[in-house]
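Contents: one structure, followed by commentary.
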Amino acid sequence: MMGFRPVTLPVRGPGDRLTALFWRRPDLLLVLLLAPPLLWLGVVYLGSLAALLLQSFYSIDEFSGLVVQEFTLKTYLELLRPSNFDILLRTVGMAAAVTLGCAVIAFPIAYYAARYARGRWKAAFYLGVMLPLWSSYLVKVYAWKLILSKEGIVTWATDAAGASAVLNAVLALPVIGGNSLSTSYIGTWIVFVYVWLPYMILPMQAALERVPQSMLEASADLGATRAQTLRRVILPLALPGVIAGSIFTFSLTLGDYIIPQIIGSSRLFIGQAVYTLQGTAGNIPLAAAFAVVPIAVMLVYLALAKRMGAFDAL
Amino acid sequence: MRSDSRAPLGLTLGAAAGLLFLHVPILLIFLYAFTTEERTYQFPPPGLTLKWFAVAWNRADIWPPLYLSLQVAAISTALALVLGTLVAAAMSRAKFFGRDQISLLILLPIALPGIITGMSLRSAFDVMGIPFSTWTIVLGHATFCIVIVFNNAVARFRRLSGSIVEASLDLGANGFQTFRHVILPNLGSALLAGGMLAFALSFDEVIVTTFTAGQQSTLPIWMLNELVRPRQRPVTNVVAIVVFVTTFVPVLAAYYLTRGGSETAGGGK
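One line per chain: the protein sequences are F and V, in this order. Just so we're aligned: the first sequence equals residues 200 to 513 in this note's numbering. Just so we're aligned: the second sequence equals residues 627 to 895 in this note's numbering.
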């Protein structure tokens with residue numbers, strides 16, 4: 200029979216001593232974990248946002264073209280000039296139209312995926328939405344340049360179907376029409392809807408998946424038709440998901456400058472104004488003031504969305 | 627539930643049309659890489675050829691942007707992996723003061739439009755007189771990649787049972803050994819998935835980059851210039867295919883790495 204051997208603990212190194220310290224003072228570990236990322240985000244990101252705000256309160260000297268580093272609201276007042284204010288209205292209007300378009304196209308996909316797709320199909324739907332979401336943004340925009348150009352596939356298809364009169368009638372519409380789809384607001388709208396659609400589908404699907412089946416059965420038991428159930432039960436319950444999705448579609452449209460530059464009429468959107476002003480025009484204060492507008496719009500939008508319970512659906 | 631499992635025809639058609647709308651445009655990118663027409667986007671293509679792949683390979687202006695994009699994506703991903711894991715480790719612990727504010731701060735770079743992140747960084751460089759370099763691009767990319775790694779890591783941390791960490795400590799491992807031999811192996815696939823998504827995001831990013839690159843050209847910026855002033859259009863398609871595959875493969879891999887968990891990667895971009 201073997202006797203007890205005294206347990207020999209390994210020699211305590213600095214690692215053990217630190218472990219003991221963290222055990223006694225868990226908040227010290229927390230601070231050490233948080234310090235690097237918070238320093239990064241705090242300095243790089245919040246610092247930059249502060250620089251943006253600061254610049255927007257500067258102004259530009261009209262004669263020398265140099266930035267005057269004095270506090271003024273003059274730059275913000277310039278946003279109200281008709282030509283600049285038009286840019287703001289045009290962008291917000293487009294964002295609203297894009298959000299609406301996304302919601303309409305996303306609904307059948309989200310509803311089918313949430314209620315009818317099972318097993319392999321469910322995975323296929325998920326990948327079918329996720330892969331376009333992650334695939335290259337520029338490649339997607341480029342694809343639409345090919346599709347919408349005057350000699351491209353849309354013109355070919357309408358010709359082949361004998362519907363070129365319809366296409367020409369659409370392009371002849373005032374304001375939203377144009378020389379070809381790739382130089383009209385309609386084209387810009389289509390591409391925006393295409394690129395941001397997955398952002399609408401995913402939260403919408405999440406909201407629809409939470410609608411209990413028993414409610415739909417109860418609705419049917421109480422004599423509602425399918426259409427009534429859709430309008431009175433499903434849509435209200437899916438609304439937080441739609442609002443959550445609309446946060447993305449709205450915000451992304453407000454801040455985009457590539458899509459209207461590549462596909463659209465030459466009239467500017469906020470993003471293009473910011474880009475041109477900071478680049479060739481060298482008017483950083485006005486560019487910064489323009490960039491503050493989407494932040495302000497989104498803060499209001501987020502506050503409204505929060506009141507409607509959209510964050511539970513994210 | 628099974629009683630009404632047949633979808634109405636209208637809904638099926640709507641869903642199918644929606645999915646086609648999402649996927650068909652991408653296929654055209656592939657088709658146009660083989661067209662013989664280089665001045666317009668004529669459809670159907672007058673003829674098919676493989677020569678653009680060779681032309682693209684020999685174009686000297688494509689390689690430096692490609693290297694720069696790979697370099698920026700690699701550095702940004704590495705930074706985001708460290709910072710995102712640290713903040714996920716902290717956030718998965720007990721509640722503490724300012725927790726909600728921190729999660730908002732992590733989310734902000736991706737929730738606000740890219741142009742704001744870009745313009746903010748541009749203003750900051752301007753105010754502080756920092757010249758443009760690879761590092762100014764990395765600064766922007768790493769910032770919005772943190773949230774991607776964070777999302778993947780924090781979900782795994784939550785699922786990781788606290789008792790295996792306690793067991794490791796009870797068995798005499800110190801905190802660092804526990805991290806190395808217990809936490810890291812459990813975190814592995816989530817970090818790999820997060821890292822690949824971050825790489826894909828950075829490799830493809832164009833809006834923030836146009837503000838932080840100055841005169842440098844990443845591959846997306848090269849593509850953007852070709853879109854505005856096209857020459858040899860099919861070459862752009864060849865590059866588009868390269869970009870598409872370079873983002874597609876990591877994203878698909880990330881999906882398969884985290885499939886089946888509660889935290890399938892890619893749900894939130």
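Here a beta-carbon is modelled for each residue, glycine too, at the ideal position from N, C-alpha and C. Quick caveat: nothing in here was measured; it's all calculated off a predicted structure.
Which stretch, first to last residue, makes up the alpha helix (DSSP H) that contains residue i?
i        : result
F/ILE494 : 483-506
F/THR428 : 425-428
V/VAL864 : 859-884
F/ALA443 : 434-454
F/ILE385 : 384-408
V/PHE802 : 801-804
V/ARG719 : Here V/ARG719 belongs to no alpha helix (DSSP H), and DSSP marks it neither H nor E.
V/HIS767 : 760-785
F/GLU277 : 273-277
F/PRO281 : 281-314
V/GLU831 : Note, V/GLU831: premise wrong, no alpha helix (DSSP H); not H, not E.
F/GLU350 : That residue, F/GLU350, is in no alpha helix (DSSP H); it is neither H nor E in DSSP.
F/LEU467 : Where F/LEU467 is concerned, there is no enclosing alpha helix (DSSP H), given that its DSSP letter is neither H nor E.
F/THR218 : 213-223
F/PHE324 : 318-333
V/SER794 : 788-796
F/SER413 : 412-420
F/ALA364 : 363-370
V/VAL854 : 845-854
V/THR743 : 740-754
V/PRO634 : Per DSSP, V/PRO634 belongs to no alpha helix (DSSP H) and is neither H nor E.
V/ASP687 : Per DSSP, V/ASP687 belongs to no alpha helix (DSSP H) and is neither H nor E.
Could you name the residues of the same chain whose beta carbon sits closer than 7 Å to that of residue i, not counting the 5 residues immediately before and after it, in chain order?
i        : result
F/VAL432 : MET414, LEU415 and SER418
V/THR638 : none
F/ILE400 : ALA305, ILE308, ALA309 and VAL328
F/ALA512 : Its pLDDT being 49, under 50, F/ALA512 is placed unreliably in this model, and the value from its coordinates should be taken loosely. Within the same chain, F/ALA512 has close Cβ partners PRO402, ALA405, ALA406, PRO439, GLY440 and ALA443.
V/LEU795 : THR804
V/ILE732 : VAL713, ILE772, VAL773 and PHE776
F/ILE461 : VAL340 and LYS344
F/TYR336 : VAL394
F/PHE324 : ALA312 and ALA316
F/GLY386 : LEU347, LEU380, ILE462 and GLY463
Report the option in the options whose CA atom is closest to the CA atom of residue i.
i        : options                                   : result
F/GLY264 : F/GLY481, F/ILE461 and F/ALA495           : F/GLY481
V/ARG632 : F/ALA312, F/LEU299, F/VAL390 and F/GLY241 : F/ALA312
V/PHE874 : V/ALA824, V/ARG748, V/THR769 and V/VAL834 : V/ALA824
V/LEU763 : V/ALA781, V/PHE870 and V/SER828           : Residue identity differs from the one stated: residue 763 of chain V is Ile in this sequence, not Leu. Among V/ALA781, V/PHE870 and V/SER828, the Cα nearest to that of V/ILE763 belongs to V/SER828.
F/ASP285 : F/PHE468, F/CYS301 and F/LEU332           : F/PHE468
F/VAL499 : V/PHE723, V/PHE656, V/GLY744 and V/LEU738 : V/LEU738
F/GLU280 : F/PHE489, F/LEU228, F/PHE221 and F/ALA504 : The identity of residue 280 of chain F in the sequence shown is Arg, whereas the question assumes Glu. Nearest of F/PHE489, F/LEU228, F/PHE221 and F/ALA504 to F/ARG280, Cα basis: F/PHE489.
V/GLY755 : F/ASP420, F/PHE447, F/ALA250 and F/PRO235 : F/ALA250
F/TRP239 : V/PRO672, V/LEU692 and V/LEU705           : V/LEU705
F/ALA342 : V/GLY644, V/VAL650, V/PRO634 and V/ALA642 : V/VAL650
F/LEU330 : V/THR872, V/GLY636 and V/SER695           : V/THR872
F/VAL338 : V/LEU635, V/VAL864 and V/ALA643           : V/VAL864
V/LEU674 : V/LEU657, V/TYR667, V/THR884 and V/ALA686 : V/LEU657
V/LYS721 : F/PHE270, F/ASP358 and F/PRO225           : F/PRO225
F/ARG409 : F/LEU434, F/TRP320, F/ALA219 and F/VAL303 : F/LEU434
What does DSSP give as the partner residues of residue i in its beta bridges?
i        : result
V/THR661 : V/LEU674
F/SER255 : In DSSP, F/SER255 forms no bridge with anything.
F/VAL267 : F/SER258
Between which residues of its own chain and residue i is the CB-CB distance below 6 Å, once the five residues before and five after are set aside?
i        : result
F/ALA437 : ALA406 and LEU407
F/TYR456 : GLY470, GLN471 and TYR474
V/GLY766 : LEU747, VAL834 and THR838
V/PHE770 : PRO735 and ILE736
V/LEU813 : ARG782
V/ARG784 : SER718
F/LEU476 : ASN482, LEU485 and ALA486
For chain C, find out if any of its Cβ atoms is closer than 8 Å to the Cβ of residue i; answer yes or no.
i        : result
F/ASP455 : Any reference to chain C falls outside this structure, whose protein chains are F and V.
Leaving out the 5 sequence neighbours to the left and right, which residues in its chain are closer than 8 Å to residue i when beta-carbon positions are compared?
i        : result
F/LEU272 : PHE256
V/MET745 : PHE837
V/ARG628 : Residue confidence for V/ARG628 is low, a pLDDT of 40 falling below 50, so the modelled location carries little weight; the figure read from the coordinates is stated next. None.
V/LEU676 : PHE660
V/PRO691 : SER843, THR844, LEU845, ILE847 and TRP848
F/TYR398 : CYS301, LEU332, GLY444, PHE447, THR448 and LEU451
V/SER888 : A caution first: V/SER888 carries a pLDDT of 49, below 50, which makes its placement in the model unreliable, though a value can still be read off. ALA781 and ARG785, listed in sequence order.
Checklist entry - Looking at C-beta atoms only, is the number of pairs between the region 671-691 of chain V and the region 843-861 of chain V that lie closer than 8 Å three or more? => result yes
Checklist entry - Are at least three pairs of beta-carbons, each pair with one atom in the region 805-824 of chain V and one in the region 871-884 of chain V, less than 8 Å apart? => result Yes, the region 805-824 of chain V touches the region 871-884 of chain V.
Checklist entry - Hey, is the region 446-465 of chain F in contact with the region 237-245 of chain F, meaning 3+ C-beta pairs nearer than 8 Å? => result no
Next on the checklist: So, does the region 367-386 of chain F touch the region 262-280 of chain F, judging by three or more C-beta pairs under 8 Å?
Outcome noted: Flag = no, the region 367-386 of chain F and the region 262-280 of chain F do not touch.
Next on the checklist: Assess contact between the region 293-302 of chain F and the region 445-453 of chain F, defined as three or more Cβ pairs (one per stretch) separated by less than 8 Å. Is contact present?
Outcome noted: yes
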